[in-house]
Amino acid sequence: MYQIVFSLLLFFNMGFATGESFFFESVSDRLRAILENSEPGESLRVRGISLGKVEELQVFYSNRSFDEAWSEQGILTEWAYELRFEIKQAQFDGLQPKDYHIELIDAFFASFEQNKKSKTINPAEEVAELDLLLTDAFFRLATHLERGKVDPSQLKSPWDITRKSSRINAISLLVQALERKEIRKSLEQLYPSFSIYKRGREVIRSLDEKAKEDSLDWKVIKVDKSLKVNDSHAVIPVVRERLIFWGYLKPYSLTDPKKYDSTLFESVKAYQVKNGMEPDGAIGKNTVASLNASPRMLMDKASINLERLRWLPDTIKEAELVLVNIANYRLDYIQRLDTLFSSKVIVGKSFHASPIFSSPLTYLVFSPYWNIPASIARNEIIPSVRKNPNYLEQKRMEVVTTSGKSVDPSQINWSSKNFPYLIRQKPGPDNSLGSVKFMFPNKYSVYIHDTPSKSLFLREDRALSHGCIRLQNPEKFAALLLRDQPQWTEAKIKEAMSRDSELIVNLKSKIPVVLVYLTFWADSKGEPHFRPDIYNRDAELIALLKR
Numbered sequence: 091m092y093q094i095v096f097s098l099l100l101f102f103n104m105g106f107a108t109g110e111s112f113f114f115e116s117v118s119d120r121l122r123a124i125l126e127n128s129e130p131g132e133s134l135r136v137r138g139i140s141l142g143k144v145e146e147l148q149v150f151y152s153n154r155s156f157d158e159a160w161s162e163q164g165i166l167t168e169w170a171y172e173l174r175f176e177i178k179q180a181q182f183d184g185l186q187p188k189d190y191h192i193e194l195i196d197a198f199f200a201s202f203e204q205n206k207k208s209k210t211i212n213p214a215e216e217v218a219e220l221d222l223l224l225t226d227a228f229f230r231l232a233t234h235l236e237r238g239k240v241d242p243s244q245l246k247s248p249w250d251i252t253r254k255s256s257r258i259n260a261i262s263l264l265v266q267a268l269e270r271k272e273i274r275k276s277l278e279q280l281y282p283s284f285s286i287y288k289r290g291r292e293v294i295r296s297l298d299e300k301a302k303e304d305s306l307d308w309k310v311i312k313v314d315k316s317l318k319v320n321d322s323h324a325v326i327p328v329v330r331e332r333l334i335f336w337g338y339l340k341p342y343s344l345t346d347p348k349k350y351d352s353t354l355f356e357s358v359k360a361y362q363v364k365n366g367m368e369p370d371g372a373i374g375k376n377t378v379a380s381l382n383a384s385p386r387m388l389m390d391k392a393s394i395n396l397e398r399l400r401w402l403p404d405t406i407k408e409a410e411l412v413l414v415n416i417a418n419y420r421l422d423y424i425q426r427l428d429t430l431f432s433s434k435v436i437v438g439k440s441f442h443a444s445p446i447f448s449s450p451l452t453y454l455v456f457s458p459y460w461n462i463p464a465s466i467a468r469n470e471i472i473p474s475v476r477k478n479p480n481y482l483e484q485k486r487m488e489v490v491t492t493s494g495k496s497v498d499p500s501q502i503n504w505s506s507k508n509f510p511y512l513i514r515q516k517p518g519p520d521n522s523l524g525s526v527k528f529m530f531p532n533k534y535s536v537y538i539h540d541t542p543s544k545s546l547f548l549r550e551d552r553a554l555s556h557g558c559i560r561l562q563n564p565e566k567f568a569a570l571l572l573r574d575q576p577q578w579t580e581a582k583i584k585e586a587m588s589r590d591s592e593l594i595v596n597l598k599s600k601i602p603v604v605l606v607y608l609t610f611w612a613d614s615k616g617e618p619h620f621r622p623d624i625y626n627r628d629a630e631l632i633a634l635l636k637r
């Protein structure tokens with residue numbers, strides 16, 4: 091008996107002398123006790139921090155006989171440090187490290203490192219608690235990286251593209267990551283498949299470095315009218331200072347700091363080109379609004395657009411698709427990652443916002459009728475007819491029944507609240523849809539179409555329609571879509587666009603059309619592009635990401 095007690099005491103003292111972990115209660119016992127004493131269906135709490143569902147943690151730990159995942163003999167492993175690093179790196183994904191318990195994890199790490207220096211054993215209770223925190227952090231971070239933190243269906247502003255479905259099991263992913271000791275690689279495989287995502291992360295990283303050297307006062311500046319060369323204004327010194335900060339201008343000697351000089355003019359134009367504005371050199375409201383954004387504000391803007399990318403299903407990355415970025419007023423026709431066609435577009439006004447959705451493009455309509463939506467007929471057309479009985483004739487419009495039978499406008503009581511008819515505009519050069527429309531049937535009755543108002547494409551702000559997408563170069567787009575139908579020559583397309591009656595042409599294969607809203611992206615060279623939030627949707631998402 092004496093010999094047994096002596097051996098135990100010797101083993102106990104050796105544990106202290108070598109700094110090895112020795113416990114009256116093992117970490118596994120503590121993990122089992124914590125999990126088995128928790129109520130199913132409820133969140134587990136550690137040090138007041140709410141973790142995920144008990145069932146998920148129980149499955150993970152029971153499958154490993156409740157052995158700890160992030161330490162060995164009470165000592166933190168290399169992959170525990172790797173996970174902590176990845177949690178901190180989540181800020182470059184636009185996510186919040188605090189969502190993954192980083193403050194408490196850091197406190198535990200600091201305590202354990204101090205214990206290591208003083209050769210003090212880490213208590214089993216604390217090792218178990220830290221293990222649970224790290225495991226839950228991995229599960230949460232994996233879920234957010236794969237599908238986003240925010241559920242787009244809960245937004246006040248509509249997003250009608252089906253959110254990406256989960257293709258991984260977080261428990262299996264963690265088991266694999268621990269077996270291979272590859273935490274970073276396991277998390278990185280969850281990134282969206284779009285190459286712009288990783289490039290966007292690097293933009294946020296560089297903005298974070300820029301913010302560290304930022305000593306500017308980012309007070310909001312305004313102008314009442316556009317400023318041109320030789321104008322003087324109090325905002326000119328601030329504009330110059332911010333362009334120097336962003337690297338568009340080098341400091342130079344000045345005779346009058348408030349004067350808009352030719353040197354500043356060239357840097358303003360360069361800034362406008364980079365930020366999607368007309369490079370006219372005029373310092374107007376759009377230029378000033380863009381220059382009001384600090385590095386931290388741009389980090390927020392980039393962050394929410396990475397979140398939007400995380401929502402998009404992998405099926406969006408098709409071999410062939412038509413992508414309309416509403417915030418950039420641009421349509422791109424992409425095939426096998428090659429942009430075959432790119433064109434300016436006009437999108438919906440803020441109160442007639444173009445919706446965010448996806449639907450297959452299936453057919454074209456040459457020389458289309460414009461079937462005027464009931465809301466436009468009620469709010470715009472009918473009031474115009476009441477004022478001017480010749481309005482319909484002047485606009486080449488006609489009234490028809492729901493079955494398409496023509497109705498004499500003179501026989502209609504235009505003052506009646508009841509209007510059981512349809513109004514449509516006949517094909518022709520003045521038709522509001524122009525000479526062709528591109529149809530991807532959807533519940534919004536939105537489509538891409540030509541327009542007779544070509545001068546509107548010269549405008550910088552092109553949120554001007556009732557929701558449909560007006561295309562600057564429809565003839566070229568039509569030719570590309572019909573290139574696999576040899577009979578549709580350039581001459582035949584021009585003829586079809588000049589008819590006095592509609593002509594429907596089906597495509598041989600359906601092409602996905604995706605309308606998105608991205609106010610930031612990074613191009614193939616990693617260069618950042620920021621665009622105005624024309625529908626005021628960014629603020630809501632920033633708040634939810636930071637919540």
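Taking this note's numbering, the leading residue of the sequence shown gets 91, the next gets one more, and so forth.
Idealized CB from N, CA, C, for every residue including glycine.
Which of helix, strand or coil does DSSP assign to lysine 391? helix
By Cβ distance, which residues of its chain are closer than 6 Å to arginine 257, with the 5 residues on each side in sequence left out? none
So who's on the other strand from phenylalanine 610, going by DSSP bridges? Phe620
For asparagine 596, write down the residues that DSSP places opposite it in a beta bridge. Tyr453
Is serine 591 buried or exposed, if buried means 16 or more other CB atoms sit within 10 Å of its CB? exposed
In the segment 458–528, which residue ranges form an unbroken beta strand (DSSP E) of at least 3 residues, counting only runs that do not cross its ends? 487–490 and 512–515
For the beta strand (DSSP E) containing glutamine 425, list its first residue and its last residue. 420–425
Report yes or no: do three or more beta-carbon pairs, one from the segment 602–611 and one from the segment 405–418, lie closer than 8 Å? yes
Rounded straight-line distance, which links the Cα of phenylalanine 156 to that of phenylalanine 223: Note on identity: in this sequence residue 223 is leucine, with phenylalanine being the wrong assignment. Leucine 223 and phenylalanine 156: Cα-Cα distance of roughly 15 Å.
Just mark tyrosine 690 as buried or exposed, buried being the case when its beta carbon has 16 or more other beta carbons within 10 Å. The question about residue 690 has no answer here: the residues shown for the chain are numbered 91 through 637.
Quick check on DSSP: helix, strand or coil for proline 602? strand
Taking C-beta to C-beta, are alanine 260 and alanine 227 nearer than 7 Å? no
Mapping the DSSP letters down to three states, classify phenylalanine 229 as helix, strand or coil. helix
Per DSSP, which residues does serine 296 bridge with? Please list them. Per DSSP, none; premise fails for serine 296.
Can you check whether the CB of valine 497 is closer than 7 Å to the CB of tyrosine 511? yes
Helix, strand or coil at isoleucine 211 [DSSP, three-state]: coil
Give me the residue from Tyr287, Lys364, Val325 and Tyr350 with the minimum Cα distance to tryptophan 336. Lys364
Counting only the same chain and skipping the five closest in sequence on each side, list residues whose C-beta sits under 6 Å from that of alanine 372. Ser316 and Lys318
Where arginine 560 sits in the DSSP three-state scheme: strand
Please go through the segment 213–282 and give each complete alpha helix (DSSP H) segment of 4 or more residues, from N-terminal end onward. 214–237, 260–270 and 273–278
Mind checking glutamine 575: buried by the 16 CB within 10 Å criterion, or exposed? exposed
Pair within 7 Å by beta-carbon distance, leucine 561 and leucine 430: no
Can you tell me whether arginine 135 is helix, strand or coil according to DSSP? strand
Considering only residues of the same chain and omitting the five flanking positions on each side of leucine 173, which have a CB-CB separation below 8 Å? Trp160, Leu224, Ala227, Phe228 and Ile273
If we count the other Cβ atoms within 10 Å of its Cβ and call it buried at 16 or more, is proline 618 buried or exposed? buried
For threonine 609, count the other beta carbons within 10 Å of its own beta carbon; 16 or more makes it buried, fewer makes it exposed. Which is it? buried
May I ask you to report which of helix, strand or coil DSSP gives glycine 290? helix
What is the rounded straight-line gap between the Cα of lysine 495 and the Cα of glycine 518? 20 Å
Are phenylalanine 182 and arginine 291 close, meaning C-beta to C-beta below 7 Å? yes
Starting from the C-beta of glutamate 550, find all residues in its chain whose C-beta is less than 8 Å away, skip the five residues before and the five after it, and write them out in chain order. Met367, Glu368 and Asn376
One or two residues paired with glycine 438 in a DSSP bridge: Ser555
Might you give, ordered along the chain, the residues of its own chain that have their beta carbon closer than 7 Å to the beta carbon of glutamate 115, omitting 5 neighbours on each side? Ala214
Is it true that the segment 444–452 meets the segment 527–535, where meeting means three or more beta-carbon pairs spaced less than 8 Å apart? yes
What residues in its chain sit with their C-beta under 8 Å from that of lysine 300, if we drop five residues either side in the sequence? Pro385
Span of the beta strand (DSSP E) holding glutamate 410? 410–415
Assign tryptophan 401 to buried or exposed, taking buried as 16 or more other Cβ atoms, counted over all protein chains shown, within 10 Å of its Cβ. buried
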